[in-house]
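Note sheet for the following structure.
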Amino acid sequence: MQSYSLIAPGKINLYLEIIGDRPDGFHELVMILQSIELADRIDIKANDTQAITLHCHHPQVPADETNLAYRAAQLMCKTFPEVYANYGGVDISITKNVPVAAGLAGGSTDAAAVLVGINLMWGLGLTKPELEALAAKLGSDIPFCISGGTAIATGRGETLDPIPDLDHLWVILAKHRNISVSTPWAYKTYRQHYSKNYVSEPENIKIRRELVNSGALVSAITHQNSREIGNLLYNDLEKVVLPEYPLVAQVKSAFANCEVLGTMMSGSGPTVFALCESESQAKTVAEKVKKAIADPNLDFWVTKLSSGGIQLQVTH
Ligand code: ATP
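Take the sequence shown: its letter number 130 is residue 129 in numbering that gives the first Met the number 0, and every next letter is one higher.
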């Protein structure tokens, strides 16, 4: 049987607004998610056993059933037991390029790649909406990772509305190797400080979503107005993460002092990104900030925004 190689891009949040609490314990969000070209590579092939195996050499990535990619394979086996019995288990190999625990959906994109890959390998013929529904059972960011591009994500982040692609801009990512921000801590702390502003009535939630849908950032993206896009980046979680992690705030200030379109923390951090018009501009700014901060634990990546989600490379 063929083996499949899949390219699994990371994402940044161009916009993240926390609207309120949901009955399921998650937060009600409105986000604008954007794929980037920086991507993991996932190789999958059928084995002759009934086991799922996973290999990944990155020291921070678990190679057991707690890996989201492993859980995606498990979900496919449980959902399609007869096909699984027919084809056998799956060997998964992850080549990690997306920084780990960085707010860039690294684990989510690996899981999305496994869902897409097994769908092809087993000839299931699942459509994108069907794959997204399966993905939503595993995690809020995983449905977006399947089709990627640029999209408004609402609910927990799993309800998607694609908007025009924004793939002409470049982005610098900067992340401290020795800082990790717990996503549950960030949301819990936000709730402690800001829950008085939460809305809960369905009508009010709808109004807040529509404000983003018809708002200035979506309009700037539609018109490819790079300056405006840079000015309108937004992330509620910065209010709790930046005061607690001054080194992350320092990176944001350093980018803001350079010729960039805009700068923002992605998701719950600690990655800070800066949007640029061109690759050369992004590389120049990255060098400048690297010299200004001179922290050996601060890593930089320069990549492009991408219009695609999981992509397939057929091997033998
Ligand atoms: P998100 O942006 O979706 O909140 P993230 O980019 O902040 O996610 P991940 O890179 O997915 O974070 O890693 C979070 C944790 O998940 C890691 O500490 C790691 O132990 C675990 N993990 C499980 N599976 C994976 C995977 N395939 N790749 C990376 N981390 C994984």
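Here a beta-carbon is modelled for each residue, glycine too, at the ideal position from N, C-alpha and C.
For the ligand ATP, a non-hydrogen atom lies closer than 6 angstroms to the CB of V99. Taken through DSSP and simplified to helix, strand or coil, I178 comes out as coil.
Contact between L297 and H167 fails: their C-beta atoms lie close to 27 angstroms from each other, not under 8 angstroms.
In this structure, the beta-carbon distance from S305 to I35 falls below 7 angstroms. Within a 10 Å sphere around the beta-carbon of W169 sit 16 or more other beta-carbons, which makes this residue buried. By the CB criterion at 7 angstroms, N96 and D39 fall inside the cutoff. DSSP links P161 through a beta bridge to A150. Counted as a single uninterrupted DSSP element, the stretch harbouring Y14 is not any alpha helix (DSSP H) but the beta strand (DSSP E) occupying residues 3–20. Here L119 has Y3, L311 as same chain residues with Cβ atoms under 8 angstroms from its own Cβ, once five neighbours each way along the sequence are excluded. Counting along the chain, the unbroken alpha helix (DSSP H) around I292 starts and ends at 278–292. Cα atoms of S181 and Y14: separation of roughly 19 angstroms, rounded to the nearest angstrom. By the Cβ test, the stretch 72–88 is not in contact with the stretch 141–151, since fewer than three Cβ pairs between them sit closer than 8 angstroms. One thing to note: I220 has its Cβ no nearer than 7 angstroms to the Cβ of I171. Annotation for Y186: H26 place their beta carbon closer than 7 angstroms to its own, counting only its chain and skipping 5 residues before and after.
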